[in-house]
Amino acid sequence: MGHVSVLSLFLGSLALSSIFGIQAESPYVYLTWRITYATIYPGNFPPQRGILINGQFPGPTIGVNTNDNLIITIINDLDDPFLMTWNGIWQRKNSWQDGVLGTNCPIPPRSNYTYTMQVKDQIGTYMYFPFTLMHRVSGGFGSINVYRRSVIALPYPEPAGEHTLLIGDWYKTDHKVLQKRLDNGYGMPMPDGLLINGLQNFSTDRVYTGQAGKTYLFRVANVGIMTSINVRIQDHTMKLVEVEGSHVLQETYESLDVHPGQSLTFLVTLNGVIKDYYIVASTRFTRPILSTTATLHYDGSIITATGPLPSAPAFEVHGSMKQARTFRRNLTANAARPNPQGSFRYGEINITRTLVLGNSAEKINGKLQYGVNNVSYVNPTTPLKLADYYNIPGVFDLNTSRDKPTPGPMTQGTIVYGLALHDFVEIIFQNNEATTQSWHLDGYNVFVVGFGSSEWTPKRRSEYNLVDAVSRSTVQVFRNSWTAVLGSLDNKGMWNLRSAIWHRQYLGQQVYLRVWNDETSLTTEYDIPPNALKCGNAAI
């Protein structure tokens, strides 16, 4: 068909759309989730109380296409207030649906709330989990897999199939017992083991089947609360293709580190002898090392997996940092929209503000707390977003934020950074502790431009990757090291920046970014939803 004929068809379609009032709209996906307690049997651990969604542990996988609208009704049958957050889903112009205590009132027991959101301009592997208290320790988490639209080409051949692995550390202790321990001022114990898709021992739910000679997509998310995890497959390599929504250069790895709150996607070609092979997950930077296995099963195999298991990487940080630097964006691949990811030349934009955020741990009134720049965050009874919207005084003060680490004893407060819409920020995560950290920013992906040891100084900017840094929402900061990110603040709202190591977040290692301008317009931010819950001074 010639260009003229195609153009005629297109114009004709537009005319018909005008005559009949036809409007194209992205599909709607409706889900209803009931959150309950029930006894679960996580492998070799004793039976314990878990948090289930519609009777499932882990929760159901959300599979949608980019730009789909998600309508999710949460029915809270727990005995605590509850919130669900959507890790890595950007919530464009819509922090009202973020599911964190700074933007939402928690759903009371025996009540419900409906989230209305759109997975706008995203593809990739993400996750959801409870934000309230220490609920996440006992479950309530699951995967969000966002697929491409048909007009978006994959930068690799269509795989023969795909598998989703939710890997995380696990405690045999009830979440309320652990929460009480933290409330009483004690630190978090080490996890008791690891789970893959909610199980520790052999099960058909931990066997991933494929045909010899074909290539399969593996989506992996670290849904744990404390430990970095290394993943490897016996006698097979993994070709990394996507990191939290960014297609990356397709490097091949024998093992991959996935830090708390992170997710990634890799391809595995079944090019071995027809038998079964071990999939191994083990903790990084812990002594002793915790590990668990699943099975890669070749269709037709009658030979079970046998050792030896592929060796864990060395304990030291250098190898993990070196691997992190190899994660680079594929500038020739399409993003969620059919335009090149490399069209955004972030390295040529002037930085408008630099935040150096140092994590710290200290006792306040005899109880262990964590903080950012020596301030331990305290959740107000009125969510920040509601206080901002209704001009409720006394909830937060933009003048109390600290742009760099400050000496002196740790204090407590409600820290909110005031930033302008379209600012271009540099955030340095400075970690002077002996444990690896992980940070997550709601509402955004940021360019991870640098990792380095010891103390960051402005001279370290010469080491930044200003061309093809991976864009993601969760980033690790190695022990006694720093990580630098750059981000364009083009998403108006109140956004949580927190430790992805959950007990540290619970005890104060978090802040909020208020990205704001004085324009009231749906082009920059959606209105407060009509079903918004009101609490604190906003309920008066």
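Residue numbers (full-length UniProt numbering): 1 to 540.
We put the beta carbon where it would ideally sit given N, CA and C, even for glycine.
Query raised in the report: Using the C-alpha atoms, what's the distance from residue 358 back to residue 240?
Result: C-alpha of residue 240 to C-alpha of residue 358: approximately 31 angstroms in a straight line.
Query raised in the report: Quick one: Cα of residue 536 to Cα of residue 162, how far?
Result: When rounded, the distance between both Cα atoms is 45 angstroms.
Query raised in the report: Do residue 496 and residue 187 have their C-beta atoms closer together than 8 angstroms?
Result: Contact flag unset, no.
Query - residue 420 at chain D interface by Cβ criterion, 8 angstroms - result: In summary, chain D is missing from the structure at hand, where a single protein chain is found.
Report task. Could you tell me which residues DSSP pairs with residue 376 in its beta bridges? Result -> According to DSSP, residue 376 shares a beta bridge with 412.
Requested in this report: Note down, in chain order, each residue of its chain lying with its Cβ closer than 8 angstroms to the Cβ of residue 510, except the 5 sequence neighbours on either side.
Outcome: Excluding positions up to five away in sequence, the list reads 372, 377, 496, 497, 498 and 499.
Query raised in the report: Whose C-beta lies closer than 8 angstroms to the C-beta of residue 256 among residues of the same chain, with five residues either side of it excluded?
Result: Hits under 8 angstroms: 220, 230, 231, 232, 238, 240, 264, 266 and 323.
Query raised in the report: At a cut of 8 angstroms, does the segment 87-106 reach the segment 117-134 through at least three beta carbon pairs?
Result: Contact between the segment 87-106 and the segment 117-134 is established, with three or more Cβ pairs separated by less than 8 angstroms.
Query - Whole-angstrom distance between residue 59 and residue 22, CA atom to CA atom - result: Residue placement at residue 22 is poorly supported in this model, since its pLDDT is 34, which falls under 50; the coordinates still yield a value, given next. When rounded, the distance between both Cα atoms is 37 angstroms.
Query raised in the report: Would you report the Cα separation of residue 178 and residue 189, rounded to the nearest angstrom?
Result: Each residue's alpha carbon lies about 9 angstroms from the other.
Query raised in the report: Helix, strand or coil: how does DSSP classify residue 355 here?
Result: It is a strand residue.
Query - For residue 388, the first and last residue of its enclosing alpha helix (DSSP H) - result: Taken as a continuous stretch (DSSP letters only), the alpha helix (DSSP H) holding residue 388 covers 384-389.
Report task. Sort 508, 471 and 271 by Cα distance to residue 374 and report the nearest one. Result -> Of the listed residues, the one whose Cα sits closest to residue 374 is 508.
Report task. Taking residue 548 as part of the alpha helix (DSSP H), name the residues at either end of that continuous run. Result -> In the structure as shown, the chain begins at 1 and stops at 540. Residue 548 is therefore absent and cannot be evaluated.
Query raised in the report: Do the CB positions of residue 424 and residue 351 come within less than 8 angstroms of each other?
Result: Result yes, Cβ atoms of residue 424 and residue 351 sit closer than 8 angstroms.
Requested in this report: Say yes only if the C-beta of residue 140 is nearer than 7 angstroms to one or more non-hydrogen atoms of the ligand FMN, and no if none qualify.
Outcome: Annotation note on the ligand FMN: not contained in the displayed structure, which lists no ligands.
Query raised in the report: Using a Cβ-Cβ cut-off of 7 angstroms (strictly less than) and excluding sequence neighbours within five positions of residue 441, which residues of its own chain qualify?
Result: The beta carbon of residue 441 lies closer than 7 angstroms to those of 473, 495 and 497 in the same chain, with the five residues before and after it left out.
**Report entry** Length of the line joining the Cα atoms of residue 18 and residue 513
**Finding:** Because the pLDDT at residue 18 is just 34, under 50, the model does not fix this residue reliably, and the value given afterwards should be weighed accordingly. Rounded to the nearest angstrom, the two C-alpha atoms are 42 angstroms apart.
Requested in this report: Out of 478, 483, 526 and 366, state which residue places its alpha-carbon closest to the alpha-carbon of residue 493.
Outcome: The residue with the shortest Cα to Cα distance from residue 493 is 526.
Query raised in the report: Is the CB-CB distance between residue 430 and residue 405 below 8 angstroms?
Result: Yes, the pair counts as a contact, with Cβ atoms nearer than the cut-off.
Requested in this report: Quick one: residues in its chain with C-beta nearer than 6 angstroms to the C-beta of residue 282, no 5 flanking neighbours on either side, listed in chain order?
Outcome: A distance below 6 angstroms between beta-carbons, with the five flanking residues on each side excluded, links residue 282 to the following residues of its chain, in chain order: 230, 289, 291 and 312.
Query raised in the report: Do you know offhand how far residue 477's Cα is from residue 321's?
Result: Between residue 477 and residue 321, the C-alpha separation is close to 9 angstroms.
**Report entry** Coarse secondary structure for residue 317, derived from DSSP in three states
**Finding:** Looking at residue 317 - three-state DSSP - the assignment turns out to be coil, as it is neither helix nor strand.
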